Amino acid sequence: MENSNNSNNQLQSFISTLKPLALVLLALLIILALPLILQEFGFNFSQKDNLSKISPETETPINSSDSQILFSQVNPEEGYTIKAKYGNIGPKLLESGAIDFEKFKDIYARSGSPLTEEQIKILTQGADKEITVNQDNAHFLLNFFWALGLANKNPILDKGAITKYGQDQIGSFASTGGWTIGTKDTMDFYSKSEIILLNQEQQAKVDEVTNNVFRPCCNNSTAFPDCNHGMALLGVLELMAANDASVSEMYEAAKYFNGFWFPQQYFDLALYFKAKDGLDFKDVDPKIIVGPEYSSGSGFSKTKKWLSDNNLIEKAPQGGGSCGV
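Positions 2 to 326 (our numbering) are the ones given, in order, by the sequence shown.
Here it is, written out as structure tokens:
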């Protein structure tokens, strides 16, 4: 009899031990099954639903007003002025054969934006006026400086990266073969005219900056000017160096010329820096933004992906340019 009582007591003790475990298991099963039950009855609790996709470390919101302000910094209404004048560059480009005036003029006439009287004077007579890039003249200056970059004699053209495939291949790049509005074949005036003379110190500045300035259409720096934007910016930087601009001023100019020549891409970069770092475009370090991390083709692609992942893709008010005249 005593043994029977002991057995009953042991069984009851075992059952008492199992009860908490059973309750825990039941709770776990309910938790695991809850999403399926809710989904079955029309509830949908997706991960991060109704939450911004921007991570906690990048919480700066962007609204339409902010976007307009940002774009006005990328392409300021007043433009961006460099401490250099047109001088007699235009007439020298005509004289060198880099520009056929009638062909040049016809391009703009056919585009619906004919050359202004001031632009005609810049080309034919020269102008004692500081150069300002803005939305109205960005395309004019792109071709103007493209011609200058091609024609002006410089070691970057004679011995730089653009020669790495051989002298006979230089004419096959977009910046050389794509220039079709000269009076001569491009290679007949390529790096032939001493329009801008640089001393050793000035050339060193050009070398430094061009090696660190990139453009979103490719992975090449301005020191390898294989497209029109690279060749044009080379012309800008040569002219600035000749006027004793500092390296920091040259980087800043590259930032704004890129902004006017690549308005969509630089608007994207402005959105990125505002959302991720809380920085206005005007406050972004020029050397950083024009460098390979953000302004090369591959670097920009990473930035664009970040914007896409965070639902921050917006269309800039003005489109970008192509690698042709």
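For each residue, glycine too, the CB sits at the ideal point set by N, CA and C. Quick caveat: nothing in here was measured; it's all calculated off a predicted structure.
Point to revise | Expected contact under 8 Å - CB spacing of Val134 and Phe261 to nearest Å | key: What you label residue 134 is simply residue 133 of the sequence shown in a count that begins at 1. What you label residue 261 is simply residue 260 of the sequence shown in a count that begins at 1. That pair is a contact at about 5 Å.
Review point. Residues bridged to Gly88 by DSSP?
Key: Position 87 of the sequence shown, counting from 1, holds the residue named residue 88. BP columns for Gly88 point to Ala128.
Check your understanding: With contact counted as at least three CB pairs below 8 Å, one residue from each stretch, are the region 148 to 168 and the region 223 to 231 in contact?
Key -> yes
Practice item. Please say whether Ile182 and Asp101 have beta carbons closer to each other than 8 Å? Key: Reading the sequence shown from its first residue, position 100 is the one you call residue 101. Reading the sequence shown from its first residue, position 181 is the one you call residue 182. For Asp101 and Ile182, yes; Cβs fall inside 8 Å.
Review point. Among Tyr267, Asp281 and Pro318, which residue has its Cα nearest to the Cα of Gly300?
Key: To locate residue 300, count along the sequence shown from 1; it is residue 299. If we check each option's Cα against that of Gly300, Tyr267 comes out closest.
**Study point:** C-alpha distance - Asp310 paired with Lys275, whole-angstrom precision
**Key:** Locating residue 310 in the sequence shown gives position 309, where the first residue counts as 1. Locating residue 275 in the sequence shown gives position 274, where the first residue counts as 1. Roughly 16 Å between the two C-alpha positions.
Check your understanding: Can you name the residues that DSSP bridges to Thr133?
Key -> Numbered from its first residue, the sequence shown carries residue 133 at position 132. Thr133 is bridged to Thr82.
**Study point:** Limits of the unbroken alpha helix (DSSP H) element including Gln170
**Key:** Start at 1 with the first residue of the sequence shown, and residue 170 comes out as number 169. Where Gln170 is concerned, there is no enclosing alpha helix (DSSP H), because DSSP gives it neither an H nor an E.
**Study point:** Segments assigned alpha helix (DSSP H), at least 4 residues, entirely inside the region 222 to 259
**Key:** You should have 229 to 243.
Practice item. With DSSP as the reference, label Phe105 as helix, strand or coil. Key: Within the sequence shown, numbered from 1, the residue matching residue 105 stands at position 104. Phe105 falls in the helix class under three-state DSSP.
Review point. Can Leu270 and Ile289 be called in contact, C-beta distance under 8 Å?
Key: Position 269 of the sequence shown, counting from 1, holds the residue named residue 270. Position 288 of the sequence shown, counting from 1, holds the residue named residue 289. Their beta carbons are not under 8 Å apart, which means Leu270 does not touch Ile289 by this criterion.
Review point. Out of Asn200, Thr125 and Glu119, which has the shortest C-alpha to C-alpha gap to Asp245?
Key: Start at 1 with the first residue of the sequence shown, and residue 245 comes out as number 244. It is Asn200.
Practice item. Can you have a look at Lys277 and say buried or exposed, based on whether 16 or more other CB atoms are within 10 angstroms of its CB? Key: Your numbering for residue 277 matches position 276 in the sequence shown. It is buried - the Cβ of Lys277 has at least 16 other Cβ atoms within 10 Å.
Check your understanding: Out of Lys106, Lys165 and Asn89, which has the shortest C-alpha to C-alpha gap to Ala128?
Key -> For the purposes of this step, residue 128 is taken as residue 127 along the sequence shown, with counting starting at 1. Among Lys106, Lys165 and Asn89, the Cα nearest to that of Ala128 belongs to Asn89.
Practice item. For my contact list, Thr211 and Leu240 are in at a C-beta cut-off of 8 Å; report their separation, rounded to the angstrom. Key: Here residue 211 corresponds to residue number 210 of the sequence shown, with the count starting at 1. Here residue 240 corresponds to residue number 239 of the sequence shown, with the count starting at 1. About 13 Å separates the two Cβ atoms, so there is no contact after all.
**Study point:** Assumed close pair Gly113, Pro217 - CB separation to whole angstroms, cut-off 8 Å
**Key:** Within the sequence shown, numbered from 1, the residue matching residue 113 stands at position 112. Within the sequence shown, numbered from 1, the residue matching residue 217 stands at position 216. Wrong, their Cβ atoms sit about 26 Å apart, outside the cutoff.
Review point. With Gln74 and Lys283 assumed to form a contact (beta carbons below 8 Å), what rounded beta-carbon distance in angstroms separates them?
Key: Stepping through the sequence shown from its first residue, residue 74 is reached at position 73. Stepping through the sequence shown from its first residue, residue 283 is reached at position 282. So it is a contact: roughly 5 Å between Cβ atoms.
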